[in-house]
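Below: one structure, written as structure tokens.
Residue numbers (my numbering): 53 to 154.
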């Protein structure tokens, strides 16, 4: 009987952690630019798989610390991951958007 109670408690803990993870994901998703909301979109904007992995690790850090970045902090982090200045990243993004929409 105790095992059943322990399992139920464990299930409730896991459900709560899943809820927190979903909440963090949606909060981050909402703060991103509309055309960077999926892994495919990030890759299509000139990010390599390795850079996307760095971005994933950053998101996991954000989830773990519950320290949600502002849009400006996201821009800074993305420029850091791309090893560029923010202005360079902005210009590159515009060029990629123009080539994709053509």
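Note that the Cβ used here is the ideal one computed from N, Cα and C, for glycine as well.
Practice item. Out of 69, 98, 122 and 117, point me to the one whose CA is closest to residue 136's CA. Key: For residue 136, the closest of 69, 98, 122 and 117 by C-alpha to C-alpha distance is 98.
Review point. Alpha carbon to alpha carbon, what distance is there between residue 68 and residue 58?
Key: 15 Å
Practice item. Identify the continuous alpha helix (DSSP H) that holds residue 117 and give its terminal residues. Key: 101-117
Check your understanding: Per DSSP, what kind of secondary structure is residue 60 in: helix, strand or coil?
Key -> helix
Check your understanding: So the alpha helix (DSSP H) residue 132 belongs to, where does it begin and stop?
Key -> 123-134
Exercise for review: Tell me whether residue 133 is buried or exposed, calling it buried when 16 or more other Cβ atoms sit within 10 Å of its Cβ.
Suggested key: With a threshold of 16 other beta carbon atoms within 10 Å, residue 133 meets it and is buried.
Practice item. Alpha carbon to alpha carbon, how far is residue 66 from residue 110? Give it in angstroms, no decimals. Key: 22 Å
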